[in-house]
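First the structure, in the form of C-alpha cells, and then the observations on it.
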Amino acid sequence: MMLLEIKAMAPNDYVGFTFFIGYMAMAAAAVFFLFERSRVDDKWKMSLLVSALITGIAAVHYGYMRDYWGATGDSPTFFRYVDWTLTVPLMCVEFYLLTKVAGAKKSLLWKLILASVWMLVAGYIGEAFNPEGGSTSHSVMWGVLSTLGYLYILHAVWLGEVAKLAEASNSDVVKRGVRTLAWFVLVGWAIYPIGYMCMEGGWLNTALGWDSGMVDLWYNIADAINKIGFGLVVYNIAISETARIKGA
Ligand SMILES: *C/C=C(C)/C=C/C=C(C)/C=C/C1=C(C)CCCC1(C)C
Numbered sequence: 015m016m017l018l019e020i021k022a023m024a025p026n027d028y029v030g031f032t033f034f035i036g037y038m039a040m041a042a043a044a045v046f047f048l049f050e051r052s053r054v055d056d057k058w059k060m061s062l063l064v065s066a067l068i069t070g071i072a073a074v075h076y077g078y079m080r081d082y083w084g085a086t087g088d089s090p091t092f093f094r095y096v097d098w099t100l101t102v103p104l105m106c107v108e109f110y111l112l113t114k115v116a117g118a119k120k121s122l123l124w125k126l127i128l129a130s131v132w133m134l135v136a137g138y139i140g141e142a143f144n145p146e147g148g149s150t151s152h153s154v155m156w157g158v159l160s161t162l163g164y165l166y167i168l169h170a171v172w173l174g175e176v177a178k179l180a181e182a183s184n185s186d187v188v189k190r191g192v193r194t195l196a197w198f199v200l201v202g203w204a205i206y207p208i209g210y211m212c213m214e215g216g217w218l219n220t221a222l223g224w225d226s227g228m229v230d231l232w233y234n235i236a237d238a239i240n241k242i243g244f245g246l247v248v249y250n251i252a253i254s255e256t257a258r259i260k261g262a
C-alpha cells in the first residue's frame with residue numbers, strides 16, 4: 015500500500031484528512047459487514063458479502079488515493095475512477111439481490127451496470143482529459159453525457175423496474191429498504207456532480223469561483239455516505255428480515 019513516500023500532512027489539509035478517515039472508515043465497515051454476515055439468514059449472506067466487498071475495495075483504493083494526495087496534492091482521478099468502476103456496479107448488484115425475491119431478471123442487472131459504466135466512462139473523460147487550465151465546454155459536454163447514465167439509474171429505482179419489483183414484493187422490509195436506497199441515489203449520488211463541477215473550468219468553478227481543490231472533499235464525503243450508509247441500510251434489511259423469518 016505504501017505506493018509513494020509519505021509526507022507530513024499540513025494541519026489545514028482538510029482533503030487529506032478525509033482521505034485518512036475515509037480509508038479507516040471503509041476498512042472498518044468491511045470488517046463489520048463480514049463479521050455480521052454470520053448473524054443473518056442464508057438468503058441475506060450474499061447481500062452482506064457485497065456490502066463488505068464495496069467497502070473493502072474502497073478501502074484499498076483510499077489507501078492509494080491518500081498516498082497519492084499526500085505526495086502530489088493532486089486529485090487522484092485515476093484511482094478514483096478505478097474504484098467507482100468496481101464499486102458502483104456492485105451497488106447495482108445490491109439492488110438486483112434485493113428485488114430478486116420479487117422476480118428481478120439478470121437483464122435488469124446488466125442494464126443498471128451498463129448505465130453506471132456509461133456514467134463513469136463519460137465522467138472519467140470529463141475529468142482526466144480536461145485541458146490544462148480547464149475547459150468549460152469539455153467538462154459540460156462529458157458531464158451531461160454522464161448524467162444520462164445517472165438519470166437512467168435514478169428512473170429505474172424510483173419509477174422503473176426496480177421500484178415496481180419492490181412494490182410487488184410481499185415484504186414491507188424490502189419495499190421500505192429499496193425506497194431508502196432510492197433516496198441514496200437521489201440525494202447521496204447527487205453530491206458527486208457537485209464535486210465534478212468544482213474542477214477547473216467546471217460550472218461551479220467558473221460561475222461561483224468554487225475551489226478546484228475541493229473536488230475530492232465532495233467525493234470523499236459522498237463516498238462515506240453512499241458506501242457505508244448504503245451498506246448499513248442493506249444490513250438493517252437483512253437483520254429485520256432474519257428476525258421476521260425466525261419469528262414466523
Ligand atoms: C461508491 C461510489 C459511488 C456511489 C459513485 C457514484 C458516482 C456518481 C453518481 C457520479 C456521477 C457523475 C455525474 C452524474 C456527472 C458528472 C460526472 C460524475 C461521474 C461525477
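Under the numbering used here, the first residue of the sequence shown is numbered 15, with each subsequent residue one higher. Glycine included, C-beta positions come from ideal geometry on N, C-alpha and C. From a predicted model like this one, the values you see are computed outputs, not experimental measurements.
Next on the checklist: Using a 10 Å radius around the Cβ and a threshold of 16 neighbouring Cβ atoms, would you call residue 241 buried or exposed?
Outcome noted: In the sequence shown, the residue the question calls residue 241 occupies position 227. The residue in question, residue 241, is buried, as its Cβ has 16 or more Cβ neighbours within 10 Å.
Next on the checklist: Does the contact criterion of 3 or more C-beta pairs under 8 Å hold for the stretch 97 to 113 versus the stretch 130 to 145?
Outcome noted: yes
Next on the checklist: Taking 9 Å as the threshold (C-beta atoms), are residue 202 and residue 29 in contact?
Outcome noted: Here residue 29 refers to the residue found at position 15 when the sequence shown is read from its first residue. Here residue 202 refers to the residue found at position 188 when the sequence shown is read from its first residue. Not in contact: residue 29 and residue 202 (Cβ atoms no closer than 9 Å).
Checklist entry - Of the choices 251, 59, 245, 212, whose alpha-carbon is the least far from that of residue 70? => result Position 56 of the sequence shown, counting from 1, holds the residue named residue 70. The shortest Cα separation from residue 70 among 251, 59, 245, 212 belongs to 245.
Checklist entry - For residue 132, which three-state DSSP category applies? => result For the purposes of this step, residue 132 is identified with residue 118 of the sequence shown, where counting begins at 1. If DSSP states are grouped into helix, strand and coil, residue 132 belongs with the helices.
Checklist entry - Do the stretch 39 to 52 and the stretch 80 to 96 touch if we need at least three Cβ pairs shorter than 8 Å? => result no
Item to check | 7 Å CB neighbourhood of residue 189 in its chain, flanking five on each side removed | outcome: As a first step, residue 189 is located in the sequence shown; it is residue number 175 there, counting from the start. Here the set comprises 180, 181, 183.
Checklist entry - So what does DSSP say about residue 240, is it helix, strand or coil? => result Against the sequence shown, residue 240 aligns to sequence position 226. Residue 240: helix per DSSP, three-state reduction.
Checklist entry - In its own chain, which residues sit with a C-beta less than 7 Å from the C-beta of residue 238, not counting the 5 before and 5 after it? => result Looking up residue 238 in the sequence shown gives position 224. Closer than 7 Å at Cβ, skipping near neighbours: 36, 39.
Checklist entry - Between residue 76 and the rest of its own chain, which residues show a CB-CB distance below 6 Å, the 5 nearest in sequence each way excluded? => result Position 62 of the sequence shown, counted from the start, is the residue given in the question as residue 76. Result list for residue 76: 36, 37, 40, in chain order.
Next on the checklist: I need the boundaries of the alpha helix (DSSP H) containing residue 103, first residue and last residue.
Outcome noted: Mapped onto the sequence shown, residue 103 falls at position 89. 91 to 114 is the extent of the alpha helix (DSSP H) around residue 103.
Checklist entry - Start and end of the alpha helix (DSSP H) containing residue 62? => result Residue mapping note: residue 62 aligns to position 48 of the sequence shown, counting from 1. Residue 62 -> alpha helix (DSSP H) spans 56 to 86.
Checklist entry - With a Cβ-Cβ cutoff of 9 Å, do residue 151 and residue 210 count as a contact? => result The residue given as residue 151 occupies position 137 in the sequence shown. The residue given as residue 210 occupies position 196 in the sequence shown. No, Cβ-Cβ distance for residue 151 and residue 210 is not below 9 Å.
Next on the checklist: One question on the structure: do residue 55 and residue 252 come within less than 9 Å of each other, judged by their Cβ atoms?
Outcome noted: Sequence index remark: in the sequence shown, residue 55 carries index 41 (1-based). Sequence index remark: in the sequence shown, residue 252 carries index 238 (1-based). A contact, by the Cβ cut-off of 9 Å.
Item to check | Where residue 156 falls, given that 16 or more other Cβ within 10 Å makes a residue buried | outcome: Counted from its first residue, the sequence shown places residue 156 at position 142. The residue in question, residue 156, is buried, as its Cβ has 16 or more Cβ neighbours within 10 Å.
Item to check | CA nearest to the CA of residue 33, picked from 193, 216, 93, 57 | outcome: Here residue 33 corresponds to residue number 19 of the sequence shown, with the count starting at 1. It is 93.
Item to check | Beta-carbon gap between residue 113 and residue 176 smaller than 9 Å | outcome: Taking the sequence shown and counting its residues from 1, one reaches residue 113 at position 99. Taking the sequence shown and counting its residues from 1, one reaches residue 176 at position 162. Their beta carbons are under 9 Å apart, which means residue 113 touches residue 176 by this criterion.
Item to check | Closest residue to residue 173 among 162, 193, 154 (Cα-Cα distance) | outcome: What you label residue 173 is simply residue 159 of the sequence shown in a count that begins at 1. Ranking 162, 193, 154 by Cα distance to residue 173 puts 193 first.
Checklist entry - Does DSSP classify residue 119 as helix, strand or coil? => result As a working mapping, residue 119 is identified with position 105 in the sequence shown. Coil.
Checklist entry - Within 10 angstroms of its Cβ, does residue 97 collect 16 or more other Cβ (buried), or is it exposed? => result Within the sequence shown, residue 97 is the residue found at index 83, counting from 1. By the 10 Å Cβ count, residue 97 comes out buried.
Checklist entry - What is the DSSP secondary structure of residue 40, counted as helix, strand or coil? => result Taking the first residue of the sequence shown as 1, we reach residue 40 at position 26. Residue 40 falls in the helix class under three-state DSSP.
Checklist entry - Does DSSP put residue 250 in a helix, in a strand, or in coil? => result Locating residue 250 in the sequence shown gives position 236, where the first residue counts as 1. Residue state, collapsed to three classes: helix.
Next on the checklist: According to DSSP, is residue 265 part of a helix, a strand, or is it coil?
Outcome noted: This structure cannot settle anything about residue 265, because the visible part of the chain is limited to 15 through 262.
Next on the checklist: At the level of alpha carbons, what is the spacing between residue 73 and residue 31?
Outcome noted: Looking up residue 73 in the sequence shown gives position 59. Looking up residue 31 in the sequence shown gives position 17. Near 15 Å, if we compare the C-alpha coordinates of residue 31 and residue 73.
Next on the checklist: For residue 255, count the other beta carbons within 10 Å of its own beta carbon; 16 or more makes it buried, fewer makes it exposed. Which is it?
Outcome noted: As a first step, residue 255 must be located in the sequence shown, where it is residue number 241. Flag for residue 255 reads buried.
Next on the checklist: If I measure Cβ to Cβ from residue 187 and keep anything under 6 Å in the same chain, skipping five residues before and after, which residues do I get?
Outcome noted: Here the question's residue 187 lines up with position 173 in the sequence shown. Hits under 6 Å: 251, 254, 255.
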